[in-house]
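Residue numbers (my numbering): 179 to 291.
Accompanying notes for the structure given below.
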């Protein structure tokens with residue numbers, strides 16, 4: 179799936195053969211924000227307008243906008259891997275969070291597109 183990005187928000191890009199229109203929605207937030215367009219340029223413009231409109235609406239309502247990422251996530255791993263990571267953190271006199279963050283940074287650095 180292709181994605182659009184604006185101000186840290188990501189949006190999907192879909193095609194409806196039935197309606198012959200491009201459409202999408204903001205990803206990874208609880209609020210539902212959609213957009214559509216007849217062309218790629220129009221879809222991109224409506225995506226940006228939707229993000230800006232969402233942020234403006236939240237401000238007018240005095241509501242904090244839903245953030246696409248919080249910096250927190252749960253990971254399920256085998257107990258042996260968990261134990262090894264916890265041991266590595268203790269040996270490095272750091273937190274398990276820091277070990278995971280360092281491992282992800284190395285992995286993503288090696289696998290960056």
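The C-beta atom is built at its ideal place from N, Cα and C for all residues, glycine as well.
As the structure is a computational prediction, the values presented were derived from the model and not from experiment.
Query: Return helix, strand or coil for residue 252, following the three-state DSSP convention.; Result: coil
Query: For the candidate residues 202, 245 and 236, whose alpha-carbon lies nearest to that of residue 224?; Result: 202
Query: By the three-class DSSP mapping on this structure, what secondary structure does residue 205 have?; Result: coil
Query: In terms of residue numbering, what span does the alpha helix (DSSP H) encompassing residue 245 cover?; Result: No alpha helix (DSSP H) holds residue 245; DSSP gives it neither H nor E.
Query: Do the segment 209-227 and the segment 253-267 make contact, defined as three or more Cβ pairs closer than 8 Å?; Result: no
Query: Residue 249 to residue 200, Cα distance in whole Å?; Result: 31 Å
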